[in-house]
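The numbering used here numbers the first residue of the sequence shown as 12 and each following residue consecutively. Worksheet: one structure, shown below.
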Amino acid sequence: INISTLATSEDKLGYYGRLGWRSLNRSFKITKVSATDNCKINIRPMDFQKDLVKIKNIYEEYSGRLSGTIVRDNEYYWEAWVKTEYQKCLVAEIDGKVVAYIDSARMDINLRVKEFGALPGYEVLFQAMLEASIVALGLSEVEIRYSASIPDVAPAKPIEEKGRMISLITPFYLGAKEIKTTEQLIESMHCFTFWDTDGF
C-alpha cells in the first residue's frame, strides 16, 4: 500500500495530523442552475448491468487524468460499492454510444455532484446533464456544488472543504520523481479531486 486516506471533521484534523496524516483541501465551485427540458441529447437513467463496462471505461479515461481519484480496478468494488452509491446516475447517449455520465445527490433544495465523467470532447455535456438532473428531481432552480476539476458551467464561486486527509505509507516514483514524504505527495497533487462516490 502506497497511500492511506481518511475522512474526518475539521475539529479532528489536529488529532490525525499528530498521527501522520495531512489535510488535503477539496476545491469546489458553487453556482445556480435552472432546469430546462429541451436537451436534444438522449439523457437517461443509468442501467448498471447494461452500462457498466462503458461507465468503467469513461471513469478510467476521465478520472485517470485527475489528481486524487481512486483507482477502481476491482470488479467487486464496482459491484458491491459503486453500484449502491449510484443512486441518481444519468448517462448521455449519442448515436447509441454512452459518452458521459453524472451522479448527484439532493441536499435540501440544492444539488451536489457526486461524480462526473465524459469521453474526450464531451466534457461540455456537463451543463446539459446538470439540467437533466434538476428536472429528474422535480426542481426548477438550485444551487449546485461540483468539483473544481469539472469545467465551468456558469460564473461560479470557489469554495474549499477540509476533512480529507492523506498519508504516504510506502515511497514510490511518480514519473522520474521519487515521492518520499507525505508533503511531497501533497505538492504533486494539483486540484485534488475525490469523488463522493468513494466516500466511506
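Where a beta carbon is used, it is the ideal one built from N, C-alpha and C, also for glycine.
Asked: Buried or exposed (CB count within 10 angstroms, at least 16 for buried), SER20; Found: exposed
Asked: Chain-order list of residues whose beta-carbon lies under 8 Å from that of LEU194 (same chain, five-residue window excluded); Found: For the record, residue 194 in the displayed sequence is Glu; it is not Leu. If we look at GLU194 and ignore the five residues flanking it on each side, its Cβ neighbours are ARG33.
Asked: Residues of its chain near LEU122, where Cβ-Cβ distance is below 6 Å and the 5 sequence neighbours each way are ignored; Found: SER115, VAL153 and ILE155
Asked: Presumed contact (8 Å Cβ cut-off) between LEU136 and ILE69, rounded CB distance; Found: Contact doesn't hold; Cβ gap of about 11 Å is too wide.
Asked: Collapsed DSSP secondary structure at THR212 in the structure displayed; Found: The structure shown does not extend to residue 212, since the chain spans only 12 to 211, so no value can be given for it.
Asked: Alpha helix (DSSP H) segment containing LYS67, residue limits; Found: 59 to 74
Asked: Spatial distance of GLU134 from PRO162 (CA atoms); Found: 7 Å
Asked: Exposure of THR95, with buried meaning 16 or more beta-carbon neighbours within 10 Å; Found: exposed
Asked: Per-residue DSSP class, three states only, for LYS51; Found: coil
Asked: Whole beta strand (DSSP E) elements within the stretch 106 to 139, 3-residue minimum; Found: 108 to 118 and 121 to 129
Asked: When HIS201, ARG37, ALA187 and MET200 are compared against GLY210, the one with the closest alpha-carbon; Found: ARG37
Asked: Residue from MET176, GLU189, THR16 and ARG55 whose Cα sits closest to the Cα of VAL110; Found: ARG55
Asked: Chain C within 8 Å of TYR26, Cβ atoms only; Found: The chain labelled as chain C is not found in the depicted structure, where only one protein chain is given.
Asked: Cβ neighbours of TYR73 in the same chain (closer than 7 Å, five flanking residues each side left out); Found: GLY128 and ALA129
Asked: Classification of CYS202 by the beta-carbon crowding that lies within 10 angstroms, buried from 16 upward; Found: exposed
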